[in-house]
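Note sheet for the following structure.
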Amino acid sequence: MSAEKVREYLKEKGMADRITVHQETIDTVEHAAIQVGCSEAEIAKTLTFLAGGSPVMVVMAGDVKVNSSKFKAQFHEKPHMIPRDQVNALIGHEPGGVCPFAVKEGVEIWLDVSMKRFGVVHPAGGSEFTSVRVTPRELEEVTGARGWCDVCKPQKAGA
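In terms of this note's numbering, the sequence shown has 2 at position 1, counting the first letter as 1, and numbering is strictly consecutive.
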């Protein structure tokens with residue numbers, strides 16, 4: 002159901018042709034990079050948090066992780082991920098297909114600067130089998146993101 006919402010959303014924005022449906026799951030950064038045919042860093046992973054009691058979505062490069070201190074500086078509290086069983090109710094997508102497209106009203110979308118180093122990134126498209134090919138600038142425009150933030154740090158090798 003979520004993938005259809007995303008397809009309709011992107012169609013309205015003139016970007017439905019950017020969706021790719023994969024034969025294998027893209028439920029992790031590693032799986033997504035294999036299916037898309039890019040580096041793990043170019044996968045735009047989407048994490049969801051509660052900040053001030055409201056849902057906040059941060060889209061970031063696949064090779065970084067959230068830094069608690071940076072997150073707190075941006076959002077004025079420590080990062081608390083939305084529990085898996087509440088993601089769909091609060092965001093509008095099931096875990097594995099969470100993406101910054103066609104989210105519920107009131108969800109703040111932020112883009113981490115870690116994606117700016119790429120010409121193209123690949124967020125999920127509403128299911129564990131769909132991805133969307135966009136430039137970081139297009140991602141900002143099509144999602145109506147609140148802006149760019151710097152809340153991540155590189156993952157340690159082997160992490």
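We put the CB at the ideal spot given by N, CA and C, even for glycine. As the structure is a prediction and not an experimental result, all values here were calculated from the model.
Would methionine 82 be called buried (16 or more neighbouring beta carbons within 10 Å of its own) or exposed?
For the purposes of this step, residue 82 is taken as the residue at position 81 of the sequence shown. When all chains shown are included, methionine 82 counts as exposed.
Using three-state DSSP, classify phenylalanine 72 as helix, strand or coil.
Counting from 1 along the sequence shown, the entry for residue 72 is found at position 71. If DSSP states are grouped into helix, strand and coil, phenylalanine 72 belongs with the helices.
Can you give, in chain order, each stretch of the beta strand (DSSP E) that sits fully within the segment 82–145 and has at least 3 residues?
Here the runs fully enclosed are 109–113, 131–133.
Per DSSP, glycine 54 is paired with what?
Within the sequence shown, numbered from 1, the residue matching residue 54 stands at position 53. Glycine 54 is not bridged to any residue.
Measure the Cβ-Cβ separation of methionine 58 and valine 108 and say whether it is below 9 angstroms.
Stepping through the sequence shown from its first residue, residue 58 is reached at position 57. Stepping through the sequence shown from its first residue, residue 108 is reached at position 107. Closer than 9 angstroms, so yes.
Return the first residue and the last residue of the alpha helix (DSSP H) that valine 30 is part of.
Start at 1 with the first residue of the sequence shown, and residue 30 comes out as number 29. Residues 30–37.
For methionine 61, which beta-bridge partners are listed by DSSP?
For the purposes of this step, residue 61 is taken as residue 60 along the sequence shown, with counting starting at 1. For methionine 61, which the question treats as bridged, DSSP gives the partners Lys46.
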